[in-house]
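Some notes on the structure that comes next.
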């Protein structure tokens, strides 16, 4: 086996372990935050937006954070701050046994549309 093959195998194993860890810890967190550079799970999030003349600017403060990074020796950190001008996606997660705060029906009503049924298709 060549060194390149060994490195590819090592990287694949790291990625697989990271995906398994993500699945294991996902239910422990309240928010999933996606940026261009990384994915974070956290329990406390403060997001501020500062419009700039040529681009948006976001400042995120997170507590109780899990960072998607296969090269870190430990992925759980007490606090993290991110400054970025790229897109930020925030998902509020529902924990097991919790009802969603916003149902599909309530969302359809809010945007002034009716929810389609299987008969409508």
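Numbering (our numbering), first residue to last: 8 to 128. Virtual Cβ for every residue (Gly too), placed ideally from N, Cα, C.
Terminal residues of the alpha helix (DSSP H) in which residue i lies
{"i": "residue 25", "result": "10 to 32"}
Beta-carbon gap between residue i and residue j smaller than 9 Å
{"i": "residue 47", "j": "residue 54", "result": "no"}
{"i": "residue 81", "j": "residue 44", "result": "no"}
{"i": "residue 56", "j": "residue 62", "result": "no"}
As assigned by DSSP and simplified to three states, the class of residue i
{"i": "residue 105", "result": "coil"}
{"i": "residue 52", "result": "strand"}
{"i": "residue 67", "result": "strand"}
{"i": "residue 113", "result": "helix"}
Continuous beta strand (DSSP E) stretch holding residue i: start and end
{"i": "residue 38", "result": "38 to 42"}
{"i": "residue 85", "result": "83 to 91"}
Distance, residue j Cα to residue i Cα
{"i": "residue 37", "j": "residue 77", "result": "22 Å"}
{"i": "residue 51", "j": "residue 33", "result": "14 Å"}
{"i": "residue 12", "j": "residue 72", "result": "33 Å"}
{"i": "residue 10", "j": "residue 19", "result": "14 Å"}
{"i": "residue 89", "j": "residue 67", "result": "5 Å"}
{"i": "residue 23", "j": "residue 98", "result": "23 Å"}
{"i": "residue 25", "j": "residue 70", "result": "20 Å"}
{"i": "residue 58", "j": "residue 93", "result": "12 Å"}
{"i": "residue 101", "j": "residue 110", "result": "12 Å"}
{"i": "residue 105", "j": "residue 96", "result": "22 Å"}
{"i": "residue 84", "j": "residue 17", "result": "25 Å"}
{"i": "residue 15", "j": "residue 31", "result": "24 Å"}
{"i": "residue 116", "j": "residue 86", "result": "38 Å"}
{"i": "residue 27", "j": "residue 112", "result": "34 Å"}
{"i": "residue 49", "j": "residue 21", "result": "22 Å"}
{"i": "residue 103", "j": "residue 29", "result": "16 Å"}
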